[in-house]
Amino acid sequence: MKPRIPPRRRDHAPAPRRAAIAGPLVLGLFFLVSCGADKKEESASEAGAYSPYHPNPRATFAGLESCRSCHGEQYGEWLQSDHHKAMNPATEEFVLGDFDNAEFEHFGQVFRFFRKGAEYWVNAPDENGERKDMRVAYTFGHDPLQQYLIPFPDGRYQALQVCWDTRPAEEGGQRWYHLYPDEPVPPEDILHWTRRYFNWNYMCADCHSTDLDKSFDPATLSYATTWSEMNVSCEACHGPGSEHVRWAEAKRRTEADPGDDAASADFAALKDYVVSKGLVVLLKEPGESDAEFPWGIDPATGQPKRTAPLRSDVQLETCAPCHSHRTLLDDTWEHGKPFHDTHVPSVLSDRLYHHDGQIREEVYVYGSFVQSKMYHAGVRCTDCHNPHSMKLVAPGNALCVRCHQADPYDTPAHHFHPVGSTGASCVECHMPTETYMGVDRRRDHSLRVPRPDLSLTLGSPNACTQCHDDRTPEWAADAFKQWWGGGPRNAHYGEILAAARREESGSLGPLIALANDLERPAIVRATAVAALGEKATSPETERAIAARLGDPDPAVRVEALAALAPYPPDRRVALAGALLEDDSRAVRAEAARILAAGYARFDDARKTAFAAAAEDFVNKQNAIADRAAGHLLLAVFFTDLGDPAKAEAAYRLAQKVEPEFVPARLNFAGMLEEQNRPDEAEKEYRAAVAAAMTDNDRGLAHDSLARFLIRQKRYDEGIAELESATTLLPDDPRTQYFYGVALNSLGRFPEALPYLEKAHRLAPRELEYLTGLATICRDAGKTDLALKYAREALRLDPGNPSLLSLVRSLGG
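Just so you know, we're using this note's numbering here: the sequence shown kicks off at 94 and counts up by one.
Next comes the structure, spelled out in structure tokens:
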């Protein structure tokens with residue numbers, strides 16, 4: 094890897110490999126819109142409305158020193174920041190770990206850290222388990238841990254899993270530790286440090302360096318990653334600054350010598366920069382001054398209120414690309430555009446967040462903050478954080494009482510704890526922490542009121558028992574009743590989402606109401622719409638999803654499009670065709686994916702719109718060309734467009750890029766089977782079994798192979814594969830149920846029944862499993878058992894005529 098030499102233009106032609114990935118079909122679609130490709134993009138400011146964005150194709154990255162010469166104070170603050178220390182060369186100035194022949198052992202694997210002159214080295218097990226001396230090229234982070242990057246010949250940089258704990262010794266730091274302290278991680282493990290999940294280019298690079306271009310080549314499976322600044326520098330946030338430098342220099346010359354006609358002419362030529370000063374994004378509000386605090390107290394409510402409403406979300410949207418859980422829309426981030434034109438943020442899935450929206454996995458702030466009342470009141474990142482040093486602008490509760498009144502909030506009458514204690518700290522109650530990477534405590538930015546009562550119903554954490562870890566949620570909930578009274582608490586969206594995810598009776602109506610409630614945060618509405626997409630298709634859910642296709646927030650429209658996936662192509666086209674021309678690029682890309690299967694139904698105008706949106710979708714997948722998931726999505730896209738050859742090429746590229754990615758292998762095998770190529774399909778199914786690296790993937794692969802074999806009427810082989818699948822996926826009701834059905838179909842009811850009943854226990858509200866149990870038990874002569882399950886099914890769906898008939902036939 095080497096730093097890119099600025100300036101570098103943004104209007105360079107795409108590399109040929111991008112066209113190769115897209116393929117002739119989509120390139121042919123692109124031709125429909127290519128005649129307008131050179132049109133200058135007009136900003137909202139040019140159109141007459143205020144916009145903080147001023148995209149400028151002339152702007153290039155000018156480099157840190159160009160900023161330092163005028164902005165010395167900000168530069169000095171930045172030197173103290175995590176951004177400055179995000180990534181640096183492995184030199185004595187930046188390395189914090191003990192490399193004085195220090196050794197660390199983890200389940201028999203020994204790591205020795207030492208120096209060769211000025212260089213830092215580690216002797217560690219490589220990808221083959223062989224001990225090898227490896228040079229440390231870069232430090233990665235600094236507080237509360239520092240990782241070390243090792244170069245590999247194919248342009249990869251891998252992060253060691255043995256990290257230096259930089260906390261003070263009295264806090265448990267100043268030591269080497271392993272990110273997986275309780276389990277061995279051998280070379281064949283997908284989580285080994287030499288594999289993709291610890292690959293810097295693949296996982297981390299775009300947020301730890303400025304103007305990063307990953308430059309992955311699928312043909313050679315290699316990287317040629319470049320940057321303009323190694324760490325997170327000025328232009329990572331302010332965008333390429335060459336035109337700002339040009340404007341500042343012309344202004345300086347004019348002010349220094351008003352009689353300098355050449356300088357005046359240069360400055361006059363930059364008249365378009367009167368508002369932007371040559372910057373592609375303006376992070377302050379119009380007329381905003383650092384000397385004026387933008388918050389006061391509303392006399393009508395006694396609550397904080399901005400002195401003037403925010404005119405844009407530009408600050409948050411500038412931070413969000415790195416401080417959010419999201420996907421890219423391009424392989425390089427182009428500044429000067431709204432967040433949803435460059436990235437697609439994740440919703441509050443129960444994999445990433447608890448049901449009530451509290452952080453579960455590492456989600457990097459944005460998704461939490463946009464749930465908060467503070468965000469909706471106009472709070473910005475810089476209201477609490479110095480944007481250059483990244484330090485808080487005031488310590489402790491003094492930060493909060495800049496806006497909130499100290500009386501009554503910073504008193505025992507509000508927090509019920511002794512003054513100065515941990516419990517009296519605003520953030521300990523309203524921003525509890527989750528620990529990642531062993532030592533990194535990160536605060537939840539949803540800034541919520543503690544709800545121990547929700548811990549009882551949802552299993553979510555609460556600030557009270559996180560601190561009082563010897564107490565129970567019941568104890569905390571009782572304390573709240575004593576403090577605030579025993580009346581009902583406000584309904585929380587987490588309760589609605591949890592009920593829907595648990596398939597509770599009557600949960601659909603509240604879920605639809607949540608999706609339609611414009612008073613709720615957009616990310617909550619988007620999450621509700623995503624949950625609707627998991628429900629069975631019906632006129633009611635279709636109407637609810639269709640209503641959100643017109644939601645004012647692009648995140649909701651994206652999820653509404655995704656929720657249409659189970660519906661027939663003609664319904665998708667009828668409901669969502671107009672979104673191919675949506676204002677948001679994230680929406681257009683998703684519209685292309687969802688509507689591709691309806692391409693034959695488009696008129697010429699819609700085909701033109703689809704071509705442009707398809708380009709956005711393909712670019713989105715090319716941004717993750719080093720991940721099989723992108724090629725899998727392209728394969729499905731080409732299948733929907735009716736080009737199986739391109740789909741097959743994309744599937745094969747997915748296998749090449751990430752051989753262990755089982756979903757792509759199984760999809761490809763399924764496509765071959767549909768094309769009546771059973772021998773090739775079986776080969777791919779078995780390859781998926783062999784390539785799988787986790788029990789979950791192995792189980793899915795065995796399950797898919799079993800179903801293929803059963804479809805081929807090779808029942809004994811299929812049953813053997815299903816047995817393996819049920820062992821590997823003991824908590825998957827679908828696999829347990831299918832194995833039971835398969836055993837029963839072979840006349841092995843006594844063996845089948847435990848698996849059928851287990852499927853029901855795992856998914857007690859799944860009607861298919863109850864109906865299957867009832868009919869299979871009936872056919873086996875177990876009438877009492879059949880009636881029991883038939884009645885359970887009827888309780889879930891009381892008006893179902895088939896179930897009523899089944900119950901009656903069983904004597905119920």
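For every residue, glycine included, the Cβ atom is placed at its ideal position computed from N, Cα and C.
This structure is a prediction, so every number in the text was calculated from the model and none was measured.
- For Leu242, DSSP records a beta bridge to Tyr231 and Ala252.
- In the DSSP assignment, Arg534 is bridged to Thr528.
- The alpha carbon of Phe245 has as its nearest neighbour, out of Ile283, Asn292, Tyr459 and Pro501, the alpha carbon of Asn292.
- A residue is called buried once 16 or more other Cβ atoms fall within 10 Å of its Cβ, and Ser895, having fewer, is exposed.
- Leaving aside the five residues that flank Thr732 on each side, the residues in its chain whose CB is nearer than 8 Å to its CB run, in chain order, Ala740 and Met764.
- Taken through DSSP and simplified to helix, strand or coil, Met323 comes out as coil.
- The DSSP-derived three-state label of Phe204 is strand.
- The beta-carbon separation of Pro647 and Ser677, rounded to 4 Å, stays under the 8 Å limit for a contact.
- Around the C-beta of Arg595, fewer than 16 other C-beta atoms lie within 10 Å, and the residue is accordingly described as exposed.
- The beta carbon of Val622 sits closer than 7 Å to those of Ala608, Ile638, Arg641, Val649, Glu652, Ala653 and Ala656, all from its chain and outside the five residues before and after it, given in chain order.
- In the DSSP annotation of this structure, the continuous segment of the alpha helix (DSSP H) that includes Ala655 starts and ends at Pro647 to Ala656.
- No Cβ-Cβ contact shorter than 8 Å links Trp426 with Asp310.
- Comparing C-alpha distances from Cys327 to each of Thr287, His497, Asp406 and Glu166 shows the shortest one belongs to Glu166.
- Assignment of Val617 by DSSP, reduced to helix, strand and coil, places it in the helix class.
- By DSSP's assignment, Ser514 forms no beta bridge with any residue.
- Assigned with DSSP and collapsed to three states, Ser369 falls in coil, not helix or strand.
- Between the alpha carbons of Cys496 and His177 lies a distance of about 29 Å.
- In this model, Leu547 and Arg541 are separated by some 12 Å (Cα to Cα).
- By the criterion of a C-beta distance shorter than 8 Å, Thr526 is surrounded in its chain by Arg534, Arg535, Arg536, Asp537 and Gln559, once the five residues flanking it on both sides are discounted.
- Distance from the CA atom of Tyr692 to the CA atom of Thr876, rounded to whole angstroms, is 51 Å.
- Taking a contact as a CB-CB distance under 8 Å, the pair Val680 and Leu672 counts as one, their CB atoms being some 6 Å apart.
- Separation of Val900 and Leu880 (C-alpha to C-alpha, rounded to the nearest whole angstrom) is 6 Å.
- Annotation for Tyr143: no beta strand (DSSP E) segment contains it, and DSSP assigns it neither H nor E.
- For Met180, the uninterrupted beta strand (DSSP E) run begins and ends at Met180 to Pro182, by DSSP.
- Excluding its 5 nearest sequence neighbours in each direction, Ala341 has C-beta neighbours in its own chain below 7 Å: Cys163, listed in chain order.
- Taken atom to atom, the span from the alpha-carbon of Ala211 to that of Gln239 is near 19 Å.
- Shown here for Leu492: same chain residues with a beta carbon closer than 7 Å to its own, the five before and five after excluded, namely Cys477, Leu485 and Val486 in chain order.
- Straight across, the Cα-Cα distance linking Gln829 with Asp563 is about 38 Å.
- Annotation for Arg582: Arg544 and Asp546 place their beta carbon closer than 8 Å to its own, counting only its chain and skipping 5 residues before and after.
- Here DSSP, grouped into helix, strand and coil, assigns Trp286 to coil.
- In the DSSP annotation of this structure, Glu385 is not part of any beta strand (DSSP E), being labelled neither H nor E.
- In this structure, the CA atom of Thr232 is about 14 Å from the CA atom of Val325.
- With 16 or more other Cβ atoms from the protein chains shown falling within 10 Å of its own Cβ, Pro826 counts as buried.
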